[in-house]
Ligand SMILES: [Zn+2]
């Protein structure tokens, strides 16, 4: 790695639909369909209207993971209030030592990425001895803020499973636009179960990174979004509670 450049070698766009702060404020209905989102990338994560499960897009196929952890192909007409997409190009790839937990693998990826000042799409494919996930559940109107809506999420643990963790590493300066740090979703290789990743242990597998240098941010043209409170004083607490919750 001594000869690795300290910045990405070419420009690459990450597309984002709406803002993390909008989701935190209960803006759970979007205007973009799965079909439109797939026009912005073959890889991504997000959620569905009414917070109806976790979204994971791999190889151009969009999956919906429901509250019970079951996954199924999403319809092209379904809508999303928050999504991050890109056309994944594995510019950087490595095989981590076996048996790393999520925090340990994060250190491995820190060393792998040329600089922490860019965005990265991350794909981890392999066999996991354990994957702990949670999944948001469908909300009804009037929508509660996300700190309340995620209070009754189901937490699941899959053991000895093959699959893919897909997500994005977002620099701290993007806090509020996205989720600072790593936000990742999991789906098994049969594409039948998954969720929002809390922790895992990777037995064996590959890590691939796609550096992002450009952000294409699309704000919803909806009255809900126009009235949302997007600068809460307790933003750190809200992000921690909804996304990282142990
Ligand atoms: Zn998530």
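Residue numbers (this note's numbering): 7 to 252. Don't be surprised by glycine CBs; every beta carbon is placed ideally from N, CA and C.
Host beta strand (DSSP E) of residue 17 (start-end)
Note, residue 17: premise wrong, no beta strand (DSSP E); not H, not E.
Could you check where the alpha helix (DSSP H) with residue 245 kicks off and where it finishes?
Looking at the DSSP string, the run of the alpha helix (DSSP H) that includes residue 245 is 241-245.
If we require 4 or more residues per run, which alpha helix (DSSP H) segments fall completely within the segment 160-236?
229-233
So residue 168 and residue 195 are supposed to be a Cβ contact under 8 Å. How far apart are they, rounded?
4 Å
Residue 202: beta carbon under 6 Å from a heavy atom of ligand 1?
Taking non-hydrogen atoms of ligand 1 into account, the C-beta of residue 202 is found less than 6 Å away from one of them.
Measure the beta-carbon distance from residue 88 to residue 53 and round it to whole angstroms, keeping in mind my assumption that it falls under 8 Å.
Correct: roughly 6 Å between the Cβ atoms.
Are the CB atoms of residue 110 and residue 202 within a distance shorter than 7 Å?
Not in contact: residue 202 and residue 110 (Cβ atoms no closer than 7 Å).
Mapping DSSP to helix, strand and coil, what is residue 40?
In this structure, residue 40 counts as helix in the three-state DSSP scheme.
Under the three-state DSSP convention, the category residue 80 falls into
coil
Considering only the beta carbon of each residue, do residue 102 and residue 114 sit closer than 7 Å?
yes
Which residue or residues does DSSP assign as beta-bridge partners of residue 142?
In the DSSP output, where bridge partners are listed per residue, residue 142 has none listed.
Exposure label - residue 204; buried when at least 16 CB within 10 Å:
buried
Pick out whichever of 241, 237, 129 has its Cα sitting closest to the Cα of residue 96.
129
Can you give the Cα-Cα distance for residue 65 and residue 135, rounded to whole angstroms?
24 Å
Taking residue 19 and residue 220 to be in contact with their CB atoms under 8 Å, please state how far apart those CB atoms are, rounded to whole angstroms.
Residue 19 to residue 220, Cβ: 4 Å. Contact.
Within the chosen definition, does the segment 39-51 reach the segment 68-84 through at least 3 CB pairs nearer than 8 Å?
yes
Suppose you measure from the CA of residue 252 to the CA of residue 209; what does that come to, to the nearest Å?
Confidence in residue 252 is poor, its pLDDT being 45 and thus under 50, which makes the residue's placement unreliable; the coordinate value appears in the next sentence. Computed Cα separation, rounded: 22 Å.
From this set, 139, 241, 172, 157, which residue's C-alpha is nearest residue 183's C-alpha?
241
Mapping DSSP to helix, strand and coil, what is residue 250?
Assigned with DSSP and collapsed to three states, residue 250 falls in helix.
From residue 116 to residue 122, what distance separates their C-alpha atoms?
8 Å
Between 75, 171, 148, 176, which has its C-alpha nearest residue 119's C-alpha?
176
Nearest CA to the CA of residue 86: which residue from 226, 14, 158?
226
What distance in whole Å lies between the Cβ atoms of residue 211 and residue 157, which are believed to be in contact at a cut-off of 8 Å?
About 33 Å separates the beta carbons of residue 157 and residue 211, which is beyond the 8 Å limit, so they are not a contact pair.
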